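Heads up, the thing below is written out as structure tokens.
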Amino acid sequence: MATADEKFHIRMAEAADLAAVQAIHRAAFGSDIEPDLVAEILADPTARPVLSLLAASDAQPVGHILFSAVHLRELEGGCVMAILAPLAVRPEFQRRGVGGMLIEAGLQHLSDIGVDLVFVLGDPKYYGRHTRSPRNMQTPGWFRPSSLMFWARFRERSFAATC
Ligand SMILES: CC(C)(COP(=O)(O)OP(=O)(O)OC[C@H]1O[C@@H](n2cnc3c(N)ncnc32)[C@H](O)[C@@H]1OP(=O)(O)O)[C@@H](O)C(=O)NCCC(=O)NCCS
28 MATADEKFHI
38 RMAEAADLAA
48 VQAIHRAAFG
58 SDIEPDLVAE
68 ILADPTARPV
78 LSLLAASDAQ
88 PVGHILFSAV
98 HLRELEGGCV
108 MAILAPLAVR
118 PEFQRRGVGG
128 MLIEAGLQHL
138 SDIGVDLVFV
148 LGDPKYYGRH
158 TRSPRNMQTP
168 GWFRPSSLMF
178 WARFRERSFA
188 ATC
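For the working numbering, add 27 to where a residue sits in the sequence shown, where the first one is 1.
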């Protein structure tokens, strides 16, 4: 998966990338919580299928985003959903568009494979640049303003009808 920006390349992360992926999260969050979370999600069969994307600069891994699946099979008509978490960019590569590229590439891929909704718990000031919330979606008060829900595949009729 190539990006328009020649400096950064986005590709699917593989099992062999786990240590590099965890190092990105450790550097960005300054904690072992997110690196552990990434390993936990990748090992969790109930999170599958996951979308794990790595951004690299000259083959050096600099950013990572993870989406995991949400299953709601009981809903009539079905609803294919995913959760975005976590996202990280190495501090020395931040504010160069890498995070945005990872979000956009991930949402595009999920949209292409038929995902209807993507949830994220994050700052709307940041995620709102790359996402939008359904107008008719009501979220609990505590969910705002510190978080945002959005949908990746813009199927408004299906969204209203089935989710
Ligand atoms: C959040 C993060 C992934 C953004 O990566 P990035 O590559 O710097 O993002 P982009 O270059 O696409 O966008 C940078 C812009 O977002 C802004 N931004 C970054 N984090 C933000 C936040 N929490 N709230 C509001 N704005 C934020 C920056 O100030 C910058 O603004 P500018 O364009 O006006 O200068 C990165 O800062 C990071 O890894 N942070 C630590 C981990 C984290 O908080 N992850 C997200 C929660 S899971």
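Where is the CB? At the ideal position from N, CA and C, for every residue including glycine. If you're wondering where the values come from, they're calculated on a predicted model, not measured in any experiment.
Identify the residues that DSSP records as bridge partners of residue i: which are they?
i, result
"ALA82", "ILE37, GLY90"
"SER95", "ILE110"
"ALA50", "For ALA50, which the question treats as bridged, DSSP gives no partner whatsoever."
"ALA115", "HIS91"
For a cutoff of 9 Å on Cβ pairs, would you count residue i as touching chain C?
i, result
"MET39", "Structure shown: chain C not included; a single protein chain is present."
For residue i, which residues of its own chain have a beta-carbon under 6 Å away from its beta-carbon, when the five flanking residues on both sides are left out?
i, result
"ALA187", "Confidence at ALA187 is low in this model, with a pLDDT of 37, below 50, so the placement of that residue should be treated as unreliable; the coordinate-derived value is given next. If we look at ALA187 and ignore the five residues flanking it on each side, it has no Cβ neighbours."
"GLU61", "HIS52, PRO113"
"LEU99", "CYS106"
Leaving out five residues on either side along the sequence, give the residues of the same chain with a beta carbon under 8 Å from the beta carbon of residue i.
i, result
"ALA40", "VAL48, SER79, LEU80, LEU81, HIS91"
"LEU134", "VAL145, HIS157, THR158, ALA179"
"LYS152", "none"
Once you ignore the five residues that flank residue i on each side, which residues in its own chain have a CB closer than 7 Å to its CB?
i, result
"ILE68", "ALA74, VAL77, LEU93, SER95"
"PHE181", "Its pLDDT being 43, under 50, PHE181 is placed unreliably by the model, and nothing is read from it."
"SER84", "LYS34, PHE35, PHE120"
"LEU64", "PRO113"
Whole-angstrom Cβ separation of residue i and residue j, contact assumed at under 8 Å?
i, j, result
"VAL142", "VAL107", "5 Å"
"ILE37", "ALA115", "Wrong, their Cβ atoms sit about 14 Å apart, outside the cutoff."
"ALA55", "ARG117", "6 Å"
Do three or more CB pairs link the stretch 117–128 to the stretch 88–99 at distances below 8 Å? Under the 8 Å Cβ criterion, the stretch 117–128 counts as touching the stretch 88–99, having at least three qualifying pairs.
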